[in-house]
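Asks:
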Amino acid sequence: MRGSDRPGLGAPDSPLNRPYPALFFFYPISKAERFLANMSAQNSAGIQTLLDAEREAQKIVQKDRTQRIRDAKSEAQKEIEEYKNQKEEEYKKFEGEHSSGYKVAQEEADKEAEVKLQEIKDAGKKQGDKVVADLIRVTTDVKPEASEKIKA
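Residues in the sequence shown are numbered consecutively from 1, following full-length UniProt numbering.
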């Protein structure tokens, strides 16, 4: 049975007269359309490749940035340590130059203290018997006196 033999199906070259009716998305495409579809697929794959490459580049840049920060931090720490050592050496040098004056002053003060202690010891030896006699006299000769508060 041919398409033209069927009643009410239209012209013989009508899509309705084909053995299997074509669905709307199955249609013949030209070479240009096929080329564009192929290019579109290639462009999509190319775009994906570029996106992947960009992600990889971002990872590398981030890794390098992190490494540079670590390097800068360690370099700064070294500089701080060197500066600290330099200042400690300067302080020790300054202290060595100026502490000799303190040592001399300390020695003079110690000598003066020794002289005064010796004077006190000599005075104690000269007046020691009199001081002991006065202490004994004061403790043995008690003179009771009434307080001024009681007298009033």
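Backbone N, C-alpha and C fix where the C-beta goes; we use that ideal spot for every residue, glycine too.
Apart from the five residues on each side of it in sequence, which residues of its chain come closer than 6 Å, Cβ to Cβ, to E114?
Replies: Counting from 1 along the sequence shown, the entry for residue 114 is found at position 114. Within the same chain, E114 has no close Cβ partners at all.
Asks: Going by beta carbon distance, what residues of the same chain come within less than 6 Å of H98, once the five residues before and after it are set aside?
Replies: Translated into positions along the sequence shown, residue 98 becomes position 98. Excluding positions up to five away in sequence, the list is empty.
Asks: Taking the alpha helix (DSSP H) that E148 falls in, what are its first and last residues?
Replies: Working through the sequence shown from its first residue, we reach residue 148 at position 148. Taken as a continuous stretch (DSSP letters only), the alpha helix (DSSP H) holding E148 covers 148 to 151.
Asks: Return the CA-CA distance between Q77 and Y102, expressed in angstroms with no decimal places.
Replies: As a position in the sequence shown, residue 77 is number 77, starting the count at 1. As a position in the sequence shown, residue 102 is number 102, starting the count at 1. Each residue's alpha carbon lies about 36 Å from the other.
Asks: When the Cα atoms are used, what is the spatial distance from S74 to R68?
Replies: Sequence index remark: in the sequence shown, residue 74 carries index 74 (1-based). Sequence index remark: in the sequence shown, residue 68 carries index 68 (1-based). Their backbone Cα atoms lie some 10 Å apart in a straight line.
Asks: In angstroms, rounded to a whole number, what distance separates the CA positions of E112 and E81?
Replies: Mapped onto the sequence shown, residue 112 falls at position 112. Mapped onto the sequence shown, residue 81 falls at position 81. Each residue's alpha carbon lies about 45 Å from the other.
Asks: Express the C-alpha separation of D129 and T139 in angstroms, rounding to a whole number.
Replies: Taking the sequence shown and counting its residues from 1, the one referred to as residue 139 is at position 139. Taking the sequence shown and counting its residues from 1, the one referred to as residue 129 is at position 129. The alpha-carbon atoms of T139 and D129 are separated by roughly 16 Å.
Asks: Which whole runs of the beta strand (DSSP E) in the region 87 to 125 are 3 residues long or more, in chain order?
Replies: none
Asks: Please state whether DSSP places A22 in a helix, a strand or coil.
Replies: Here residue 22 refers to the residue found at position 22 when the sequence shown is read from its first residue. Summary for A22: the model assigns pLDDT 48, below 50, so the residue's position carries little reliability; its value from the coordinates is reported in the next sentence. DSSP, reduced to helix, strand and coil, places A22 outside both helices and strands of the structure shown, so it counts as coil.
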